[in-house]
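See the structure below:
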């Protein structure tokens, strides 16, 4: 037997109740007696019994009513109820089953029969409780599992999110790598394109340089041939047919020959200018003082030597192309002589100085000067500030000077006033010690 | 081979008629030669000096005392004529004076490399031209005796 099962015995007949109590007590149950329906309900409310033996026919609340009430209360509905009846009445029995009673026993009953029925229902109840406990345990473990599943799902979701993030970063990195690769490829392509463009441009420049050279050659050769014929045959006319021409005819022939001379000079100067641009600079140290003096005394006619006061201060040495530098001085000195010769007293003064890596050279004359308004024009090609009758020249000399000085990395400029002489300056980068 | 050993034949190779006429006048004026032969292009000049034979060899037809050679000629250029004359042992000693209006350094260097005897540029001014022709003619015909 289990721990003493608590049994509520309900009967309004005292002998019957006493009998029940005696039998059950003897069988080892803990028995609580109740002699009315009201008392039975109160007892159940106070303390739940394991089983109720309930007499049907009682004064007040009868057994069926007690049974109905207990079965309709969720706290008490599971208590097994065995109805006790004085008669074997099938209808009563059915009514009892209908209100939820577990069993039915008729008076007078055998003690053994009662005990077997009581024990059976107690066992049933224990089994039910055990089942319920198991079910409850299952339910709770079910609930735990559900929670766990939910938690796992949430963890899985988080993992998946992390994975997605990781995948996203991976893709982003890949795409960044791709971008970088593409950028590098573009840079490479651009570089290649640039190299090709530079090569093309260089080839074009070389071609146009060649064309320029052949143009210069044609100019020197082809333009001169007809000029030679014009001058030559005019000269033959002058010499061999002079007696057939009057003075005016001879004068006109002179004009023809002078014009050919001018045109020849123009061609010569143009060729010199193009040569300055084309020829490669051959640098060597130059004693400018000696060069200037040599050029002056080569160029000066006896008239010039007599009229001019020519002074040269010590000039800084230069590093440059001697042929071209000689041309610079020739052009500047011949200009100075040409534009100063009309004066009563003529002076040319050449000086130089060094400052902050630059050598500056100056040639000053007291000649006819020029209008400072045109100071920018005088270095332009074919720019002349005087009428051609006044001074000879083609307007190329200073353009050549400018090109030569620029090719040497220097600057050239002039200062002048009408009637007050002119000064021309040019600079050259100072000669380095190791250049000498 | 030579028709008259005393004749001082000058060969003028010049395509420009005006230049040729002026040169001839100058040479005649100073009585530098009694026989001047003018050829108008390089091929003509080569055919005149080296007459082609059926064997493929050439026969020397003329042996001028002086060749005045313009550089810029149509077809066979003056430089090619110069090279042909100076590379043949039979004609190597004929003085060749290159006459040109070009003053390009490259031309001057090339002609000297090919063995030119003198190089003069044709000045535009007629008087200078006459003077030049006179001087070079005198020099090469009278003073410079070819070995």
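Residue numbers (the numbering used here), protein chains in the order written: chain A, 34 to 469; chain B, 2 to 148. Beta carbons: idealized from backbone N, C-alpha and C, even for Gly. This structure is a prediction, so every number in the text was calculated from the model and none was measured.
Please list, in chain order, all residues of the same chain as residue i whose beta carbon is under 8 Å from its beta carbon, the five residues on each side excluded.
{"i": "residue 58 of chain A", "result": "64"}
{"i": "residue 7 of chain B", "result": "Note that residue 7 of chain B scores a pLDDT of 47, beneath 50, so its modelled location is shaky; the value from the coordinates is reported in the next line. Correct list: empty, nothing qualifies."}
{"i": "residue 246 of chain A", "result": "311"}
{"i": "residue 23 of chain B", "result": "127, 130"}
{"i": "residue 93 of chain B", "result": "86, 87, 116"}
{"i": "residue 257 of chain A", "result": "297, 300"}
So, under 8 Å CB-CB, residue i and residue j are touching, yes? Tell me the CB distance rounded to an integer number of Å.
{"i": "residue 84 of chain A", "j": "residue 100 of chain A", "result": "Incorrect: roughly 13 Å between the Cβ atoms, too far for contact."}
{"i": "residue 100 of chain B", "j": "residue 70 of chain B", "result": "7 Å"}
{"i": "residue 97 of chain A", "j": "residue 61 of chain A", "result": "Wrong, their Cβ atoms sit about 30 Å apart, outside the cutoff."}
{"i": "residue 398 of chain A", "j": "residue 381 of chain A", "result": "5 Å"}
{"i": "residue 437 of chain A", "j": "residue 357 of chain A", "result": "5 Å"}
{"i": "residue 470 of chain A", "j": "residue 463 of chain A", "result": "The structure shown does not extend to residue 470 of chain A, since chain A is modelled only from 34 to 469, so the question has no answer here."}
{"i": "residue 147 of chain A", "j": "residue 56 of chain A", "result": "6 Å"}
{"i": "residue 352 of chain A", "j": "residue 318 of chain A", "result": "6 Å"}
{"i": "residue 417 of chain A", "j": "residue 426 of chain A", "result": "6 Å"}
{"i": "residue 12 of chain B", "j": "residue 46 of chain B", "result": "7 Å"}
{"i": "residue 299 of chain A", "j": "residue 249 of chain A", "result": "Residue 299 of chain A to residue 249 of chain A, Cβ: 14 Å. No contact."}
{"i": "residue 25 of chain B", "j": "residue 37 of chain B", "result": "6 Å"}
{"i": "residue 117 of chain B", "j": "residue 14 of chain B", "result": "Actually they are not in contact, since the Cβ atoms of residue 117 of chain B and residue 14 of chain B sit about 13 Å apart, beyond 8 Å."}
{"i": "residue 123 of chain B", "j": "residue 102 of chain B", "result": "5 Å"}
{"i": "residue 109 of chain A", "j": "residue 132 of chain A", "result": "Incorrect: roughly 13 Å between the Cβ atoms, too far for contact."}
Excluding sequence positions up to five away, which residues of its chain have a Cβ less than 6 Å from the Cβ of residue i?
{"i": "residue 402 of chain A", "result": "449, 450, 451, 452, 453, 454, 455"}
{"i": "residue 77 of chain B", "result": "43, 44"}
{"i": "residue 91 of chain B", "result": "61"}
{"i": "residue 459 of chain A", "result": "394, 438, 443, 445"}
{"i": "residue 415 of chain A", "result": "428"}
{"i": "residue 363 of chain A", "result": "328"}
{"i": "residue 113 of chain A", "result": "84, 135, 154, 158"}
{"i": "residue 119 of chain A", "result": "140"}
{"i": "residue 50 of chain B", "result": "63"}
{"i": "residue 4 of chain B", "result": "Low local confidence applies: a pLDDT of 43 at residue 4 of chain B is under 50, so the model's placement there is unreliable, and no value is given."}
{"i": "residue 321 of chain A", "result": "348, 351"}
{"i": "residue 307 of chain A", "result": "249"}
{"i": "residue 34 of chain A", "result": "For residue 34 of chain A, the pLDDT reaches just 43, beneath the cut-off of 50, and the residue's location in the model is therefore unreliable, leaving the point undetermined."}
{"i": "residue 49 of chain A", "result": "none"}
{"i": "residue 271 of chain A", "result": "286"}
Could you tell me the boundaries of the alpha helix (DSSP H) in which residue i lies?
{"i": "residue 126 of chain A", "result": "123-131"}
{"i": "residue 340 of chain A", "result": "335-340"}
{"i": "residue 71 of chain B", "result": "Per DSSP, residue 71 of chain B belongs to no alpha helix (DSSP H); it is in the beta strand (DSSP E), 67-71."}
{"i": "residue 329 of chain A", "result": "321-332"}
{"i": "residue 397 of chain A", "result": "Run containing residue 397 of chain A: none in the alpha helix (DSSP H); it sits in the beta strand (DSSP E), 391-398."}
{"i": "residue 18 of chain B", "result": "18-30"}
{"i": "residue 438 of chain A", "result": "430-440"}
{"i": "residue 51 of chain A", "result": "47-59"}
For residue i, is the beta carbon positioned less than 7 Å from some heavy atom of the ligand COA?
{"i": "residue 247 of chain A", "result": "Looking for the ligand COA in the displayed structure turns up nothing, as the structure carries no ligands at all."}
In chain order, what residues of the same chain have a beta carbon less than 7 Å from the beta carbon of residue i, not counting five sequence neighbours either side?
{"i": "residue 45 of chain A", "result": "68, 69, 88, 91, 92"}
{"i": "residue 315 of chain A", "result": "354"}
{"i": "residue 387 of chain A", "result": "349, 463"}
{"i": "residue 384 of chain A", "result": "346, 395"}
{"i": "residue 375 of chain A", "result": "401"}
{"i": "residue 296 of chain A", "result": "260"}
{"i": "residue 126 of chain A", "result": "137"}
{"i": "residue 469 of chain A", "result": "Legend: pLDDT at residue 469 of chain A = 42, less than 50; position of this residue unreliable, no value from coordinates given."}
{"i": "residue 267 of chain A", "result": "286, 289, 290"}
{"i": "residue 424 of chain A", "result": "371, 372"}
{"i": "residue 432 of chain A", "result": "306, 412, 413, 414"}
{"i": "residue 150 of chain A", "result": "115, 136, 138"}
In terms of residue numbering, what span does the beta strand (DSSP E) encompassing residue i cover?
{"i": "residue 52 of chain B", "result": "51-53"}
{"i": "residue 60 of chain B", "result": "59-61"}
{"i": "residue 11 of chain B", "result": "10-14"}
{"i": "residue 314 of chain A", "result": "Careful: residue 314 of chain A lies outside any beta strand (DSSP E) and carries neither H nor E."}
{"i": "residue 446 of chain A", "result": "445-449"}
Worksheet item: Could you give the uninterrupted runs of the alpha helix (DSSP H) lying entirely in the segment 245-301 of chain A, keeping only those of 4 residues or more?
Response: 257-273
Item to complete: Give the residues from the segment 268-288 of chain A that approach chain B closer than 8 Å (Cβ to any Cβ), ordered along the chain.
Response: 268, 269
Worksheet entry | chain B contacts from the segment 224-237 of chain A (Cβ-Cβ distance under 7 Å) | none
Worksheet item: What are the residues of the segment 255-267 of chain A that lie near chain B, defined by any Cβ-Cβ distance shorter than 7 Å?
Response: 257, 258, 260, 261, 262, 264, 265
Practice prompt. Give, in chain order, every unbroken run of the beta strand (DSSP E) that is at least 3 residues long and sits entirely within the segment 77-137 of chain B.
Written response: 97-101, 119-122
Worksheet entry | Residues within the segment 111-134 of chain B neighbouring chain A, beta-carbon criterion of under 7 Å | 123, 125, 126, 127, 128, 130
Discussion item. Please give me, in chain order, every unbroken run of the beta strand (DSSP E) with length at least 3 that falls completely inside the segment 342-419 of chain A.
Written reply: 351-353, 379-388, 391-398
Discussion item. If the cut-off is 7 Å on Cβ atoms, which residues from the segment 291-303 of chain A count as contacting chain B, listed in chain order?
Written reply: 293, 294, 297
Worksheet item: When you check each C-beta in the segment 30-50 of chain B against every C-beta of chain A, which residues fall closer than 7 Å?
Response: none
Item to complete: Name, going along the chain, the residues of the segment 7-25 of chain B whose beta-carbon falls closer than 9 Å to a beta-carbon of chain A.
Response: 17, 18, 19, 20, 22, 23
Worksheet entry | chain A contacts from the segment 70-98 of chain B (Cβ-Cβ distance under 8 Å) | 73
Worksheet item: Whole alpha helix (DSSP H) runs in the segment 63-136 of chain A with 4 or more residues, listed along the chain?
Response: 70-79, 96-104, 123-131
Worksheet item: Which ranges does the beta strand (DSSP E) cover as unbroken runs of at least 3 residues, wholly within the segment 136-222 of chain A, from first to last along the chain?
Response: 136-139
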